[in-house]
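> Sharing a structure below in structure tokens format, with a few things to ask.
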Amino acid sequence: MPTKILSVSHYAPENKLTNFDLEKIVETSDEWITERTGIKERRIAEPGIATSDLAKEASLRALKKAGVKPEEIDGIMVATATPDTFVVSTACTLQTKIGAKKAFAFDLWAACPGFIYGLKLAKGLINGENIRYILLVGAETLSRFLDWEDRTTCVLFGDGAGAFVIGNKSEEEGIIDVYLGADGSLKDLLIMPGGGSLKPCSYEIIEKRECYIKMKGREVFKNAVLKMQEAVDIILERNNIKPEQIDYFIPHQANIRIIEALRERLKMPKEKVYVNIDRYGNTSSASIPIALSEMDEKGLLKKGTLLLLAAFGAGFTWGSAIIRW
Ligand code: COA
Numbered sequence: 020m021p022t023k024i025l026s027v028s029h030y031a032p033e034n035k036l037t038n039f040d041l042e043k044i045v046e047t048s049d050e051w052i053t054e055r056t057g058i059k060e061r062r063i064a065e066p067g068i069a070t071s072d073l074a075k076e077a078s079l080r081a082l083k084k085a086g087v088k089p090e091e092i093d094g095i096m097v098a099t100a101t102p103d104t105f106v107v108s109t110a111c112t113l114q115t116k117i118g119a120k121k122a123f124a125f126d127l128w129a130a131c132p133g134f135i136y137g138l139k140l141a142k143g144l145i146n147g148e149n150i151r152y153i154l155l156v157g158a159e160t161l162s163r164f165l166d167w168e169d170r171t172t173c174v175l176f177g178d179g180a181g182a183f184v185i186g187n188k189s190e191e192e193g194i195i196d197v198y199l200g201a202d203g204s205l206k207d208l209l210i211m212p213g214g215g216s217l218k219p220c221s222y223e224i225i226e227k228r229e230c231y232i233k234m235k236g237r238e239v240f241k242n243a244v245l246k247m248q249e250a251v252d253i254i255l256e257r258n259n260i261k262p263e264q265i266d267y268f269i270p271h272q273a274n275i276r277i278i279e280a281l282r283e284r285l286k287m288p289k290e291k292v293y294v295n296i297d298r299y300g301n302t303s304s305a306s307i308p309i310a311l312s313e314m315d316e317k318g319l320l321k322k323g324t325l326l327l328l329a330a331f332g333a334g335f336t337w338g339s340a341i342i343r344w
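Right, dumping it as structure tokens:
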């Protein structure tokens with residue numbers, strides 16, 4: 020059964036934190052952040068707002084656009100590394116918040132490429148099972164897991180959510196191919212060490228600030244470029260598609276220098292590579308659906324538009340996808 024993206028939408032908290040605001044929090048500068056990352060501002064969720072709240076707004080907008088009722092959804096997958104709670108999945112909370120009563124619901128923990136991992140699952144489920152509609156969401160409140168005393172990480176991330184309604188209402192395959200990879204041997208380069216079963220919550224964990232995201236930026240950067248390039252090469256080659264046939268490349272928005280390195284390798288003109296990192300920072304699993312939603316609002320996604328996606332993140336995990344809109 021062919022899969023089709025029926026709609027895309029997004030939601031980002033209104034509260035903006037600019038580089039100039041950050042200059043008052045840690046020893047940094049707008050110049051450093053802009054030059055090294057491309058980020059100018061990011062969105063921060065208000066206290067009391069959880070990942071499922073951002074997911075809810077993005078989901079309801081996507082459902083409305085697709086003309087699909089919440090109760091028609093068969094399954095909900097939320098890609099997130101920053102769930103509302105452990106033990107209860109954010110997807111279950113979202114299911115209740117939107118009233119998708121008959122949907123199964125689970126979270127997908129694959130960090131920044133989580134949304135691409137979700138595409139693979141959605142395609143498999145719709146092809147193989149008696150499933151009509153899947154709600155796939157990428158949603159993060161990274162601001163809650165950042166060490167606001169650590170300038171090497173707190174300037175990089177932001178909050179937001181994006182959602183796809185995926186259905187089997189099509190003659191033509193929409194999710195053409197998805198390639199995924201992982202390498203757990205390098206996990207310590209980007210990790211939140213505390214709060215899980217290995218180092219449960221304790222005063223010691225809090226004192227050591229291990230309940231926050233830690234990253235060895237330079238090493239992550241090198242791996243991100245390498246693995247995203249590999250993911251893009253593999254998916255293009257195995258589908259016999261040349262970069263010039265792609266209408267738009269939507270890379271995970273982690274660093275403008277990573278995006279530029281990929282663009283140069285693909286020899287793509289700037290107007291074919293979607294960039295919004297300046298306004299959102301790195302929103303992990305939400306970055307690709309937020310970008311696609313903005314593209315849709317700008318009228319860039321037409322029936323038949325050929326898209327290439329790629330992402331890399333903690334784990335390490337990485338992936339790429341080719342979608343025909
Ligand atoms: N403001 C000012 N200076 C800062 C800073 C900040 N916010 N953060 C780091 N610095 C300093 C460092 O302390 C270092 O100083 P030193 O040379 O005196 O030691 C200097 O800037 C260079 O740091 P470095 O880490 O080498 O910079 P970088 O060019 O590698 O950029 C990142 C850092 C984090 C922006 C970059 O490595 C990166 O984007 N990494 C990958 C992120 C990614 O891909 N994530 C994907 C998965 S989510």
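In the numbering used here, the protein residues as written are 20 to 344. We treat Cβ as the ideally placed atom computed from N, Cα and C, and that holds for glycine.
Could you tell me whether the Cβ of residue 82 comes closer than 7 Å to any Cβ of chain D?
The question asks about chain D, but that chain is absent: this structure has only one protein chain.
> What three-state label does DSSP hand residue 335 in the structure shown?
Coil.
> Measuring straight from C-alpha to C-alpha, what distance separates residue 145 and residue 227?
The alpha-carbon atoms of residue 145 and residue 227 are separated by roughly 45 Å.
> Considering only heavy atoms of the ligand COA, list every residue whose Cβ is less than 5 Å from one of them, following chain order.
After applying the 5 Å Cβ criterion, the set is 47, 51, 55, 56, 131, 170, 171, 174, 236, 237, 239, 240, 243, 273, 274 and 332.
> Between residue 336 and the rest of its own chain, which residues show a CB-CB distance below 6 Å, the 5 nearest in sequence each way excluded?
Once the five neighbours on either side are set aside, the close Cβ partners of residue 336 are 129, 130, 132 and 201.
> Which two residues bound the contiguous beta strand (DSSP E) that contains residue 24?
Here the beta strand (DSSP E) through residue 24 covers 23–30.
> Can you have a look at residue 105 and say buried or exposed, based on whether 16 or more other CB atoms are within 10 angstroms of its CB?
Exposed is the call here.
> Where does residue 176 land, buried or exposed, given buried means 16+ other C-beta within 10 angstroms?
Flag for residue 176 reads buried.
> Bridge partners of residue 181, per DSSP?
Paired residues: 29 and 157.
> Using only the alpha-carbon positions, how far apart do residue 218 and residue 37 sit?
C-alpha separation (whole angstroms): 33 Å.
> Let me know the secondary structure DSSP gives residue 121 once reduced to three states.
The answer is coil: DSSP assigns residue 121 none of H, G, I, E or B.
> Pull up the distance between the alpha-carbon of residue 34 and that of residue 40, whole angstroms please.
The straight-line gap from Cα to Cα measures roughly 12 Å.
> Take every Cβ of the stretch 70–90, pair it with every Cβ of the stretch 155–171, and state whether three or more of those distances are shorter than 8 Å.
The stretch 70–90 vs the stretch 155–171: in contact.
> Which whole-angstrom value describes the C-beta separation of residue 101 and residue 183, a residue pair presumed to lie in contact below a C-beta threshold of 8 Å?
19 Å between Cβ atoms; not a contact.
> Look up residue 37 in the DSSP assignment and give the residues it is bridged to.
DSSP lists 60 as partners of residue 37.
> Does the count of Cβ pairs from the stretch 91–100 and the stretch 115–128 closer than 8 Å reach three?
Output reads yes: the stretch 115–128 touches the stretch 91–100.
> Could you compute how far the alpha carbon of residue 287 sits from the alpha carbon of residue 270?
C-alpha separation (whole angstroms): 12 Å.
> Would the beta-carbon of residue 211 fall within 7 Å of that of residue 232?
Cβ distance < 7 Å, so residue 211 and residue 232 count as in contact.
> Starting from residue 330, follow its DSSP beta bridges and name the residues at the other end.
Paired residues: 338.
> Please classify residue 222: is it buried, with 16 or more other beta-carbons within 10 angstroms of its beta-carbon, or exposed?
The residue is exposed, with fewer than 16 neighbouring Cβ atoms inside 10 Å.
> Output the residue ranges of the alpha helix (DSSP H) runs that lie fully inside the stretch 70–143 and measure 4 residues or longer, sorted by chain position.
The qualifying runs are 70–85 and 109–117.
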